[in-house]
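Visitor:
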Amino acid sequence: MKKGDHLFLVDGSGYIFRAYHALPPLTRKSDGLPVGAVSGFCNMLWKLMQDARNTDVGITPTHFAVIFDYSSKTFRNELYAEYKANRSAPPEDLVPQFGLIREATRAFDLPCIEMEGFEADDLIATYARLACDAGGDTTIISSDKDLMQLVGPTVSMYDPMKDRQIGIPEVIEKWGVPPEKMIDLQALTGDSIDNVPGVPGIGPKTAAQLLEQFGDLDTLLARAGEIKQDKRRQTIIDNADAARISRELVKLKNDVAVADGLESLVLQPPNGPKLISFLKGMEFTSLTRRVAEASGTDASAVDAATVVVELGEAAHGPDVGAGETAQAAAEAKTGELTPAALADSVAQAAVNSKIDVNAYVCIRDIQTLADWIAEARGAEVVAFDTETNSLDPMQAELVGFSLATAPGRAAYVPLTHKEGAGDLLGGGVVEGQIPTRDALALLKLLLEDPNVLKVAHNLKFDMLVMSRHGIDVTPADDTMLMSYALDGGTNGGHGMDALSEKWLGHTPIAFKDVTGSGKSFVTFDHVALDRATCYAAEDADVTLRLWHVLKPRLPVKQVVSVYERLERPLVPVLMRMEERGISVDRQILSRLSGELAQGAARLEEEIFQLAGERFTIGSPKQLGDILFGRMGFAGGSKTKTGQWSTSAQVLEDLAAEGHELPRKIVDWRQLTKLKSTYTDALPGFINPETKRVHTSYALAATTTGRLSSSDPNLQNIPIRTAEGRKIRTAFIADPGHKLISADYSQIELRVLAHVAEIAQLRQAFADGRDIHAATASEMFNVPIEGMPSEIRRRAKAINFGIIYGISAFGLANQLSIPREEAGDYIKRYFERFPGIRDYIEETKAYARDKGYVETIFGRRVHYPEIRSPNPSVRAFNERAATNARLQGTAADIIRRAMIRMDDALAQAGVSTRMLLQVHDELIFEAPDAEVEATIPVVRHVMENAAMPAVSLSVPLQVDARAAHNWDEAH
DNA sequence: ACAGAAGCTTA
DNA sequence: GTAAGCTTCTGTT
1 MKKGDHLFLV
11 DGSGYIFRAY
21 HALPPLTRKS
31 DGLPVGAVSG
41 FCNMLWKLMQ
51 DARNTDVGIT
61 PTHFAVIFDY
71 SSKTFRNELY
81 AEYKANRSAP
91 PEDLVPQFGL
101 IREATRAFDL
111 PCIEMEGFEA
121 DDLIATYARL
131 ACDAGGDTTI
141 ISSDKDLMQL
151 VGPTVSMYDP
161 MKDRQIGIPE
171 VIEKWGVPPE
181 KMIDLQALTG
191 DSIDNVPGVP
201 GIGPKTAAQL
211 LEQFGDLDTL
221 LARAGEIKQD
231 KRRQTIIDNA
241 DAARISRELV
251 KLKNDVAVAD
261 GLESLVLQPP
271 NGPKLISFLK
281 GMEFTSLTRR
291 VAEASGTDAS
301 AVDAATVVVE
311 LGEAAHGPDV
321 GAGETAQAAA
331 EAKTGELTPA
341 ALADSVAQAA
351 VNSKIDVNAY
361 VCIRDIQTLA
371 DWIAEARGAE
381 VVAFDTETNS
391 LDPMQAELVG
401 FSLATAPGRA
411 AYVPLTHKEG
421 AGDLLGGGVV
431 EGQIPTRDAL
441 ALLKLLLEDP
451 NVLKVAHNLK
461 FDMLVMSRHG
471 IDVTPADDTM
481 LMSYALDGGT
491 NGGHGMDALS
501 EKWLGHTPIA
511 FKDVTGSGKS
521 FVTFDHVALD
531 RATCYAAEDA
541 DVTLRLWHVL
551 KPRLPVKQVV
561 SVYERLERPL
571 VPVLMRMEER
581 GISVDRQILS
591 RLSGELAQGA
601 ARLEEEIFQL
611 AGERFTIGSP
621 KQLGDILFGR
631 MGFAGGSKTK
641 TGQWSTSAQV
651 LEDLAAEGHE
661 LPRKIVDWRQ
671 LTKLKSTYTD
681 ALPGFINPET
691 KRVHTSYALA
701 ATTTGRLSSS
711 DPNLQNIPIR
721 TAEGRKIRTA
731 FIADPGHKLI
741 SADYSQIELR
751 VLAHVAEIAQ
761 LRQAFADGRD
771 IHAATASEMF
781 NVPIEGMPSE
791 IRRRAKAINF
801 GIIYGISAFG
811 LANQLSIPRE
821 EAGDYIKRYF
831 ERFPGIRDYI
841 EETKAYARDK
851 GYVETIFGRR
861 VHYPEIRSPN
871 PSVRAFNERA
881 ATNARLQGTA
891 ADIIRRAMIR
901 MDDALAQAGV
911 STRMLLQVHD
921 ELIFEAPDAE
931 VEATIPVVRH
941 VMENAAMPAV
951 SLSVPLQVDA
961 RAAHNWDEAH
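Going by the UniProt record's numbering, 414 is the number at position 414 of the first sequence; the sequence numbering is gapless.
This is the structure:
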């Protein structure tokens, strides 16, 4: 083993128990042999090897072993006779499977390692240490906390069931201490399953806190007298010896004299026939089929192995894996690469070959560029990245671009780099750059070549920059969106740097390190060419490598259609919306700003009068001190940092008691909010060239699949209050045009009625009834005719609550009623709509089981913390997961509508343009004469957006109106 | 110059 | 009770 090599150590014994408990207990072969755990084990191992071979850059194994416990007696029993004494015998139907699982390991052609007197964990510790000594890295396939003490710079763990890496940060997050303190922590907490005594009454939280305070166990025991809590101090003093023994028990032995050295663990190429023979013998039909497909083996030509069952704790018999036929077939295959294997080797190369930023080319003459373009067109796939002088793609000027044609082969083409540091003289243009026009003429041939797939990270940005130069980037893939489709909801974003770390184990040069930041920031055109080349070409190189890693994962995770139908096609649609922008009337905003300033100034004076002093009203700290300190208002509550809360809710409550000051502060806040966030800020976003406002939509920012809008955010323009609505009058259509607003009515409740199959809700929607009134009528037995508005209001709050993953606490807050009363409402609601309670419970169970939920279009939203032991964290994740199915499905539906809209409008012969999306609303701009023709098209596309993929059992309803400004159109 | 908290806007 | 982004204030770097 050498530096760069990577050892995978599978905790076989741990795997067995997890597989056994995770699977239905009654899985048996036709002859009655119980094989559930074997099946689970094989599936996990296969998936692990597929994932690792296909994709995981930097963590592709070169060495591999599966480690087992040998017997239950180990050297630890010498230390402490009671060790593992509590452990009951394994279940009867698991016993015969121990041997089979060892056979399975051999059928996979993987070393199967065990040793008398030692636990699997000790062998794992030893091999990890040997690998580290040899300069290699190790991944331990297990989630057992007993192994976490081994985690370090070269050793990490991987939980295959949760698809989760466990490194130093994850250990700290879970246990509150770094891996090297895990031994001390376990010594304190003990382990009831292994019968490690520990110190009674000390759990992980307390142990972590004590270790934080004292540093390590020895110091803690020596200075136990300093512990403040009487009881805790005494138990620790009394149990010091137990803690020391516990430490010896949990500490893993990393110097076992192992029989097989690392050299015998080198990963062998897969032997399809041998494995298939075993799997057929076990009657694992679906896995047999998958292995046959992946290895290019004809399964029908392979005979099933005769599997011999050995009883006992370990199997030590001869190999009985493959029959003669399989052996012969395997030999015939040697030296012949199947397509799948070829794809694997390409992916591995993308991941394994080192990233060397000094190996990149800086292209400064047209001939070299022409050669690269030709090479790229021959390559069929090319990664592409633009460098600009602004993050705003509508203002950005192209500074250069980079290409990568193969992993490690990348180049940067500088176009408009300047000399010097960009001082007052501006600096001259750097000599030896290809004129932009000439370079783009060549680049266009590549970017518009229908036979070359372009790969970008955050494609929309580059596409928009190129669009402004008359270049249409197509066809194209976006690695950011691939990551989003694969891992939406998992921690960590989908930015290139994070993905490079995650998949390639490589930290790219940071943008900041090239351009500086803050005062020393320079735009990219002022970066020296050699630095710029390293940075820019690396981005293209990394993007291409990520593509090699992520693309094959899409089918594995069953998100190909999400990526290809909901993500990728939206990129050009959003690009066009952003490019088009919307007109905003400066005069209207300026007048509003003046009015707001006046109103705020008047209120300010009145506030100072009432308060009896001048202060910064916008400072919650000062305001809280004045209201609840000096003025002595009662009924204040505290925020989590211990400050007085001055939230609108608190101030409203005070106002309701008849106090003047809080009312005025609420009003003042509203006016200043409108002024600073909208009337003052929006004009600054008017593009000097287009005279329009171009928001930026993020496709991969939310967990649920919604879009988000920023710079400026046009998804939170006020509407609730009359004052706020005035802002909307500033969003206008061009002369001779109208804005059309089309929004889905109650889309999330309709989705709920569909997915939860609630007959009463479906009927109410089918009849076009007022859904909140219908709910109220059903719940409280009140006729809809003449229903008091308060009754309807409560039903409405409950309906929203259901969408949000209801809790009595939240509903009580919303309606300002006692929690008990809210709880009664919920109970009553579930009695009337038991289907919804079932639906919520099913969703939670599914999320707990899988770690994610799915929208009806297959989008996966991950909740890695859904199994958190912390009840409030768990409850939060359950609510979010419940909501995500609904919110995410609604988001998918409007995405589908948007993707089809431009073609539908063109088909209808109108020049109407889609401008904005606000979650359940689309805003268009149409010539006056085309408004009538546009509305039915828009409505039809939106109302039928789920079809044909899904036929909803509830009609979608879209309301659409046209007017000169957004306020009147909505 | 930056980060976090508090607060407020939307669906 | 869900999902976002922006502004101000405040304390830290």
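Heads up, the beta-carbon is just placed ideally off N, CA and C, and yes, glycines get one too.
#1: Name the DSSP bridge partner or partners of glutamate 414?
#2: Measuring CB to CB, does isoleucine 740 end up less than 8 Å from threonine 616?
#3: Does DSSP put glutamate 387 in a helix, in a strand, or in coil?
#4: Taking the continuous beta strand (DSSP E) assigned at serine 286, which residues delimit it?
#5: Could you name the residues that DSSP lists as bridge partners for histidine 694?
#6: Can the beta-carbon of methionine 942 be found closer than 8 Å to that of leucine 956?
#7: Only counting runs of 3 or more residues, tell me where the beta strand (DSSP E) segments fall wholly within the stretch 831–857, in order along the chain.
#8: Looking at the unbroken alpha helix (DSSP H) that takes in serine 246, where does it start and where does it end?
#9: Quick one: what's cysteine 112 bridged to in DSSP?
#10: By a C-beta neighbour count over all protein chains shown, 10 Å radius and 16 as the cutoff for buried, is aspartate 11 buried or exposed?
#11: What is the DSSP secondary structure of methionine 631, reduced to helix, strand or coil?
#12: Give the straight-line distance between the Cα atoms of aspartate 191 and proline 204, rounded to the nearest whole angstrom.
#13: Could you tell me the alpha carbon to alpha carbon distance between glycine 786 and arginine 793, rounded to whole angstroms?
#14: Check whether the Cβ atoms of leucine 922 and valine 751 lie closer than 8 Å to each other.
#15: Please return the same chain residues whose Cβ sits closer than 6 Å to the Cβ of threonine 405, not counting the five positions on each side in sequence.
#16: Which two residues bound the contiguous beta strand (DSSP E) that contains aspartate 137?
#17: Under 8 Å, do threonine 479 and leucine 550 count as touching if we go by C-beta distance?
#18: Reducing DSSP to helix, strand and coil, say where glycine 724 ends up.
#19: Which of the three DSSP states, helix, strand or coil, is assigned to glutamine 887?
#20: Do you know how far the Cα of threonine 60 is from the Cα of valine 351?
#21: From the DSSP output, in three-state form, read off methionine 1 for me.
#22: Answer yes or no: do phenylalanine 800 and alanine 949 have a C-beta to C-beta separation smaller than 8 Å?
#23: Can you list, in chain order, the residues of its chain with a C-beta nearer than 7 Å to that of aspartate 525? Leave out the 5 residues immediately preceding and following it.
#24: Going by DSSP in three states, leucine 915 sits in which element: helix, strand or coil?
#25: On a Cα-Cα basis, can you pick out the residue from His964, Arg468, Gly488 and Lys460 that is closest to proline 475?
#26: As an exercise, report each continuous alpha helix (DSSP H) stretch of at least 4 residues that is fully enclosed by the stretch 802–836, in chain order.
#27: Once the 5 residues before and after asparagine 687 are set aside, which same chain residues still bring their CB inside 8 Å of it?
#28: What does the alpha-carbon distance come out to for the pair valine 171 and valine 177?
#29: Can you give the beta carbon distance from leucine 481 to alanine 701, rounded, assuming they're within the 8 Å contact cut?
#30: Can you say whether proline 339 is buried or exposed, counting buried as having 16 or more other CB atoms within 10 angstroms of its CB?
#31: If you run the structure through DSSP and keep just helix, strand and coil, what is phenylalanine 214?
#32: So which of Lys274, Phe924, Ile607 and Ala37 has the shortest CA-CA distance to alanine 305?
#33: Below 7 Å CB to CB, which residues in the same chain sit around leucine 707 once its five sequence neighbours on both sides are set aside?
#34: Anyone know if the C-beta pair for proline 179 and glycine 152 falls short of 8 Å?
#35: What does a CB cutoff of less than 8 Å around proline 783 pick up in its chain, not counting 5 residues either side in sequence?
#36: I need the DSSP call for tyrosine 127, collapsed to helix, strand or coil.
Guide: Taking the coordinates as given:
#1: Counted from its first residue, the first sequence places residue 414 at position 414. What sits at residue 414 in the sequence shown is proline, not glutamate. BP columns for proline 414 point to Gly400.
#2: Numbered from its first residue, the first sequence carries residue 740 at position 740. Numbered from its first residue, the first sequence carries residue 616 at position 616. Their beta carbons are not under 8 Å apart, which means isoleucine 740 does not touch threonine 616 by this criterion.
#3: Locating residue 387 in the first sequence gives position 387, where the first residue counts as 1. Correct three-state label for glutamate 387: strand.
#4: Here residue 286 corresponds to residue number 286 of the first sequence, with the count starting at 1. That residue, serine 286, is in no beta strand (DSSP E); its alpha helix (DSSP H) goes 285–295.
#5: Translated into the one-based positions of the first sequence, residue 694 becomes position 694. BP columns for histidine 694 are empty, so no partner.
#6: Residue numbering aside, residue 942 sits at position 942 when the first sequence is read from its first letter. Residue numbering aside, residue 956 sits at position 956 when the first sequence is read from its first letter. It is a contact, given that the beta carbons lie within the stated cut-off.
#7: 852–854
#8: Taking the first residue of the first sequence as 1, we reach residue 246 at position 246. That run of the alpha helix (DSSP H) goes 240–250.
#9: By 1-based counting over the first sequence, the position of residue 112 is 112. DSSP lists Val66 as partners of cysteine 112.
#10: On the first sequence, position 11 is the one that residue 11 refers to. Per the 10 Å Cβ criterion, buried.
#11: As a first step, residue 631 is located in the first sequence; it is residue number 631 there, counting from the start. Reduced to three states, the DSSP call for methionine 631 is coil.
#12: Counted from its first residue, the first sequence places residue 191 at position 191. Counted from its first residue, the first sequence places residue 204 at position 204. Cα to Cα, the separation comes out at about 11 Å.
#13: Walking along the first sequence from the start, residue 786 turns up at place 786. Walking along the first sequence from the start, residue 793 turns up at place 793. Distance between the alpha carbons of glycine 786 and arginine 793: 14 Å.
#14: Counting from 1 along the first sequence, the entry for residue 922 is found at position 922. Counting from 1 along the first sequence, the entry for residue 751 is found at position 751. Cβ distance not < 8 Å, so leucine 922 and valine 751 don't count as in contact.
#15: Reading the first sequence from its first residue, position 405 is the one you call residue 405. For threonine 405, where only same-chain residues beyond five positions count, the Cβ hits under 6 Å are Glu375, Ala376, Ala379 and Val382.
#16: To locate residue 137, count along the first sequence from 1; it is residue 137. Its beta strand (DSSP E) spans residues 137–141.
#17: Translated into the one-based positions of the first sequence, residue 479 becomes position 479. Translated into the one-based positions of the first sequence, residue 550 becomes position 550. In contact: threonine 479 and leucine 550 (Cβ atoms closer than 8 Å).
#18: On the first sequence, residue 724 is found 724 positions in, with the first residue counted as 1. Helix at glycine 724.
#19: Walking along the first sequence from the start, residue 887 turns up at place 887. Three-state DSSP puts glutamine 887 in a helix.
#20: Taking the first sequence and counting its residues from 1, the one referred to as residue 351 is at position 351. Taking the first sequence and counting its residues from 1, the one referred to as residue 60 is at position 60. The straight-line gap from Cα to Cα measures roughly 8 Å.
#21: To locate residue 1, count along the first sequence from 1; it is residue 1. Looking at methionine 1 - three-state DSSP - the assignment turns out to be coil, as it is neither helix nor strand.
#22: Position 800 of the first sequence holds residue 800. Position 949 of the first sequence holds residue 949. In this structure, alanine 949 does not lie closer than 8 Å to phenylalanine 800 by Cβ.
#23: Working through the first sequence from its first residue, we reach residue 525 at position 525. Cβ within range, chain order: Asn389, Val399, Thr416, His417 and Lys418.
#24: In the first sequence, residue 915 corresponds to position 915, counting from 1. Three-state result, leucine 915: strand.
#25: Within the first sequence, the letter at position 475 stands for residue 475. It is Lys460 whose Cα lies nearest to the Cα of proline 475.
#26: 808–815 and 819–832
#27: The residue labelled residue 687 in the question sits at position 687 within the first sequence. Taken in chain order, the residues that qualify are Met394, Gln395, Gly581, Val693 and His694.
#28: Residue mapping note: residue 171 aligns to position 171 of the first sequence, counting from 1. Residue mapping note: residue 177 aligns to position 177 of the first sequence, counting from 1. About 7 Å.
#29: Taking the first sequence and counting its residues from 1, one reaches residue 481 at position 481. Taking the first sequence and counting its residues from 1, one reaches residue 701 at position 701. That belief does not hold up - the Cβ atoms of leucine 481 and alanine 701 are roughly 12 Å apart, past 8 Å.
#30: Taking the first sequence and counting its residues from 1, one reaches residue 339 at position 339. Legend: pLDDT at proline 339 = 45, less than 50; position of this residue unreliable, value from coordinates given subsequently. Under this definition proline 339 is an exposed residue.
#31: What you label residue 214 is simply residue 214 of the first sequence in a count that begins at 1. Of the three classes helix, strand and coil, the one that applies to phenylalanine 214 here is helix, per DSSP.
#32: Translated into the one-based positions of the first sequence, residue 305 becomes position 305. Here the closest residue by C-alpha is Lys274.
#33: Taking the first residue of the first sequence as 1, we reach residue 707 at position 707. Tyr697, Ala698, Leu699 and Gln917.
#34: For the purposes of this step, residue 179 is identified with residue 179 of the first sequence, where counting begins at 1. For the purposes of this step, residue 152 is identified with residue 152 of the first sequence, where counting begins at 1. It is a contact, given that the beta carbons lie within the stated cut-off.
#35: For the purposes of this step, residue 783 is taken as the residue at position 783 of the first sequence. These residues qualify, in order along the chain: Ser777.
#36: Position 127 of the first sequence, counted from the start, is the residue given in the question as residue 127. Tyrosine 127 falls in the helix class under three-state DSSP.
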